[in-house]
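Inspection log for the structure reproduced underneath, given as C-alpha cells.
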Amino acid sequence: MDESTTLESSPFFRVYDLQTARSQRPSIHPAPHQSEALRALEAWADANDAPSGGILVLPTGGGKTFTACHFLCRKMLSSGFKVLWLAHTHHLLEQAYYGLERLTGLVAEPQRELRARVVSGTIGHFPIRSIQASDDFIVASLQSVSNAVRNNHKSIDDFIASANGKLCVVFDEAHHAPAPSYRGLLEQLRARVANLRLLGLTATPTYTDEKKRGWLKKLFPQGILYQVTPKELMAAGILSRPILEEAATDVEPDFTDRDYDQWVGTHRDLPESIVTSLASNRNRNEVIANCYVAQRERYGKTIIFADRWEQCEQLCEALALRGVRAGAIYSHVDAPTHGVEARRRRTAAENHQVLSDFRNGDLEVLVNIRMATEGTDVPSVQTVFLTRQTTSQILLTQMIGRALRGPRFGGTESAYIVSFIDNWRQRINWASYSQLPDVEADDSTRELGKRPPVRLISIDLVRQLARQLDSGVNINPGPYKSFLPVGWYRVEYFALVAGTDDVEPVSQLILVFEDDVEPLRNLLEYLKTAAPPEFADDTLVLTDVQDWICETRSQFFGKAPQRVGNGLDEDIFSLARHVGQSEGQLPTFFSFDARNDHDLDAIANQHVVMDLGDRAKTAALKAEYTRTDRFWRSIYYTFPLFKSHYDACINRILDADDCDADVNVHRPIFTSPEAIPFAEPSDAIKESVKSRDGFRCLCCGYDKHRSQLQVDHISPAYFGGATCFDNLQTLCRTCNGAEGKGIEDISFRNHQTTLTSAPTRLRLGRMPSGSRAKDPIWWEMFLRRTINLFYRCAAVDYVEIGARGDRLRTWTVDLFPGNDPQWIEPYLRGLLHSIREARENEGYLPAPDTLLVDE
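This note's numbering puts the first residue of the sequence shown at 7, with every later residue one more than the last.
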C-alpha cells in the first residue's frame, strides 16, 4: 500500500461533502450566550481591523470549541478563508477536529467540499509533510507548526500561500500565547499574512504579570471580544455547579524508584505499565463500584473514565453484581496492537447502542475510554468518576467538562466530580482542580500554592519514616519540624512531553525546607539576570543541562548533607525553567502558616511531661490525629503511620545517648531564653509622646479631651516595630481606628507622602452628625482625617471653612509641598456630595458648593 493510500484512509483526514452536509443541518443550536458570542465574533470579522486579533472567553463546559467551529464554518470558511487551528496537545487537537463534524453544513455555497486534517507528532496523526495546499482546515500542534515555520517547510509554506492572504489562525488556550516561543510563531505568521485573523480561545484571559498582559494585548489588539463567567452560566442553568470529591483506594502502586527516575523528567502521563496495573486491579475496581453504589441516588447518571478495556469489563461486571445497570464503550485506539486480546474493540454499532441506552435512561453508568476528546454528546450526566489521577491538566479539564451541562440543556444543577486517589510513594505533579481557574473553589481547592501541599509533605515524611524503620531504629535524626517545609515556590512553565508533539503547561510546587531558604533565594536572584537562554526552550530536558545543574548546585548549596525532600537537581531545573520562560519573573513564594501547629515533637514532649500511661497516651494521640483543624489525616493516611512517627519523636526525646544524659534522668529538650516582647509603651513614654505632639491628634488635629488621645506605633508592633520614642505618635481614638489605618506603616509626623502613585480608593469615615454637622471645626477634622489617610501622611497644611456666606459656599484645603493634589481630584465630586448630604440630613443648609484642594 503506497503512502497516499495510507494517508487517505486515516481517520484524521476527512473530505466533507458539503452538499450532503447542508441537507443535514446541525441538530444542535447555539445557547443564548453562544449566540451572543457569535454575534461579537462576526462583528469582529466584519471590522477587518489591522492587525486583527481578539479573544473568546468561555469557561470549561461553556462550549468554546463548538462556538469557535460554528463561527469558522458560518463566517470564515464561507468567506473563503482557510483555518489553521493551533493547540498544545493531541487531546485539544482531536476535540477541535471532532467538533467540526456536526457544523460543516453551515459552510455556504458555492464551496462543494471541505478538507480537514490533524497534524502532529502523535502516532496516528499526519506529519507536517502531509499538509496539502488544497487543505482547508488544519488542526495542528504548536510544536509541529513552530518547527515548520522556523525551517521554512515547503508544506506549511504552500498551505499559507494557498490562502491568498485569507488565513484565520485559532490559538487554543490563548492565555499561553505570550510565552516567547509561541508569540514568536504568531508574529512570524502575521508578518507573512498581512490580513491574518487571530482568534484566541481561553477560560483565563488575564495575567498578574504586567509583561505578559502587555504581550497578550499586542497579540490580540482587539482584546476580549466576548466573555461570560462560570457564575453567570450557572445562574442561567447552562452550567452545573461542580462539587469536587475524593475517594481513597488504599492501593499502593508498584512504582519502583528506578522506574520513577526514568519517568519523572519526561512529562508524560503515568507509564503504561503502571496504568495497566491499576486498571486491571480487581480489588481497586471493586472499591470504585462500591463507591458508586454507596451514593447511587446522589450520583445518578454517571460517566466513569477508565484506561483499559479490561477495566471497563470489570467495572461493568462489578456494578451489575450490585444491581446497577452499566454499559461500556471502547475507543478506536483503546489498546496496543499486539495480540488478539489487546486488539479487542467494540464495533461502532455496539458503541452506538450502549450510548443510546445511556441517553435514554436504560443505563445508569457509562464506562468509557477516551470519550473526552471524541465529540460524543451525552446529556443529563450527574457525576463523573476519574478512576485515576493524571498529570495532564488539559485532559483533566476535558473530563470534568463532561459533567458540567446545566439543567437548561438536559443536565443537572450540580455535578459531582469524584477522583480516586492511590497511595503514591513518590512526588508526582498531578493535575489538580485548584489549577482550573474557572471551577469555583472552596477551601480544599484554592488556587495552587495557597493551600498547603499536604500530599507532597506526606510523601517526604512517610519516606523518612520508612528509612528509620528499615534501619531498625525508629528515632528521628533531627527535630520533627526540620522535616516540614517552611513554605514552597509555585513554578509554571511549558514542557514537551517526551516522545510526542504535545506541550503541557506545568504548574508545580517546590518545597522549601529550613536549610534551603537562603540558598534558594540567592539562586533565584542569580537566575533573574543570569539564567542560560536555553531554559526558555520548552523542549529542554534535564540531561541537556546536567553540567550546569551540578555547577549551580555546588555554587549555591555546597557539599551539604542529603537534603530533606531530595530532588534538588530537579527543583533547580524547574526553577530555572520558570525564570527562563517568564523572562526573569521570579516564582511566587507561599509560607506554610500552619507549620507550628504540626510540630509532633511539641506534642510528644507534652505527653512526656504529663507522664501519660499507654492508654491515655493513645487516646490523646487519636484525638490529635482526628482534629479537623489539622492536616494529620492527609499527611499520614493511617493512624499507625502517625503513631510510628510520634514514637520516633518520643524516642528522640528520651534517648539517653542523643541527650548525653543519664538514662534514668529526663532532661528538658528546650529552654525559654526569650521574653514575650511588650508592645505597649510605659505611661511615662506615652506622656512624653503626647507632650511632644502638643496633646493633639497628628492626623485630624483633635485636641479637646486628652482622654481621647492614644499613642500609636508608626511601624506597627504587629510587624516588629519598636516601642521607642521615635516610632510613636499621638492619634485620637477615631483616627487610630479608622478604616484605612489598620496596621499599615503610616507616619503622621511626616508632611510628605511616601507613595509613588495615587491610591485607588478614598475612604470616607464617620461624618459629623447632630449639632456637629453645623460646626466648621468638626468638618475641618473630618477633612484632615480623610485626606491625610488618603496620602498616608499629615499632608494637609491648612483648611478654611467659613460659618456663613461665601466662605460657607467654598471650602479650601491646602496641602504641604510634595503631595500631588491631582491624585485626589477624581474623588472630590463624590466627597462634596457626601458632605452636602450629611449636612442636609441633619437639617442644615447643604454646603459647600465647591471643594478646592491645592498644594
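Glycine is no exception: its CB is placed at the ideal position from the N, C-alpha and C atoms.
query                                                                                                                                                              : result
Can you tell me where the alpha helix (DSSP H) with W785 in it begins and where it stops?                                                                          : 782–797
For I34 and L78, what's the separation of their Cα atoms in angstroms?                                                                                             : 16 Å
Closer than 7 Å by C-beta to R304: which residues in its own chain qualify, once you throw out the five before and the five after it? Chain order, please.         : none
Determine the contact status of Q194 and V155, defining contact as a CB-CB distance below 8 Å.                                                                     : yes
Where does R411 land, buried or exposed, given buried means 16+ other C-beta within 10 angstroms?                                                                  : buried
Please identify the residue among R314, P539, W554, V585 whose C-alpha is closest to the C-alpha of E498.                                                          : V585
Could you tell me which residues DSSP puts in a beta bridge with W91?                                                                                              : V145, V176
Taking only three categories from DSSP, how would you classify R45?                                                                                                : helix
For L4, collect the residues of the same chain with a Cβ closer than 6 Å to its Cβ; drop the 5 residues on either side in sequence, then sort them by chain order. : For the chain, the structure presents residues 7 to 861; residue 4 sits outside this window and is missing.
Could you work out which residue in C556, W430, P485, R365 is closest to L284 when comparing CA atoms only?                                                        : W430
Name the DSSP bridge partner or partners of R203?                                                                                                                  : S58, C174
Closest to R767 by C-alpha separation, out of P832, M773, I129, E356, would be which residue?                                                                      : P832
Can you give me the start and stop residues for the alpha helix (DSSP H) that H839 sits inside?                                                                    : 831–847
Any contact of the region 105–119 with the region 164–180, i.e. 3+ C-beta pairs under 8 Å?                                                                         : no
From the DSSP output, in three-state form, read off R810 for me.                                                                                                   : coil
I believe F261 touches Q432 by the beta-carbon criterion, under 8 Å. Please report the beta-carbon distance rounded to the nearest angstrom.                       : 6 Å
Does the pairing of the region 196–209 with the region 172–183 give three or more beta-carbon distances under 8 Å?                                                 : yes
What's the gap between the Cα of D522 and the Cα of N528?                                                                                                          : 10 Å
In this structure, what does DSSP give as the bridge partners for V859?                                                                                            : V819
Quick one: Cα of A728 to Cα of R845, how far?                                                                                                                      : 42 Å
Take the Cβ of K88 as the centre, count every other Cβ of all protein chains shown within 10 Å, and call the residue buried at 16 or more, exposed below.          : buried
Beta strand (DSSP E) containing I578: first to last residue?                                                                                                       : Premise fails: I578 lies in the alpha helix (DSSP H), 574–587, not in any beta strand (DSSP E).
Would you kindly work out how many angstroms separate the C-alpha atoms of I137 and N374, rounded to a whole number?                                               : 32 Å
Considering only residues of the same chain and omitting the five flanking positions on each side of K81, which have a CB-CB separation below 8 Å?                 : L47, E48, A51
So if DSSP puts R658 in a beta bridge, which residue, or which two residues, is it bridged to?                                                                     : Answer is none; R658 lacks a bridge partner.
Looking at the unbroken beta strand (DSSP E) that takes in H719, where does it start and where does it end?                                                        : 715–719
Indicate whether the contact test is met: 3 or more Cβ pairs, each with one atom in the region 842–861 and one in the region 817–829, closer than 8 Å.             : yes
Just the Cα atoms here: how many angstroms apart are H97 and I249?                                                                                                 : 24 Å
By Cβ distance, which residues of its chain are closer than 7 Å to M787, with the 5 residues on each side in sequence left out?                                    : C706, G707, Y708
Tell me which same chain residues have a C-beta within less than 7 Å of the C-beta of L574, skipping the five on either side of it?                                : R559, F563
Tell me, to the nearest whole angstrom, how far the beta carbon of N794 is from that of F754; I am working on the premise that it is less than 8 Å.                : 6 Å
For T83 versus D178, is the C-beta spacing smaller than 8 Å?                                                                                                       : Per the sequence presented here, residue 83 reads as Leu, with Thr not at that position. For L83 and D178, no; Cβs fall outside 8 Å.
Could you check where the alpha helix (DSSP H) with I162 kicks off and where it finishes?                                                                          : 160–168
According to the Cβ coordinates, are Q228 and G493 closer than 8 Å?                                                                                                : no
To the nearest angstrom, how far is it from the Cα of H672 to the Cα of N657?                                                                                      : For H672, the pLDDT reaches just 39, beneath the cut-off of 50, and the residue's location in the model is therefore unreliable, although a value from the coordinates is still provided. H672 and N657: Cα-Cα distance of roughly 12 Å.
Look up W554 in the DSSP assignment and say whether it is helix, strand or coil.                                                                                   : helix
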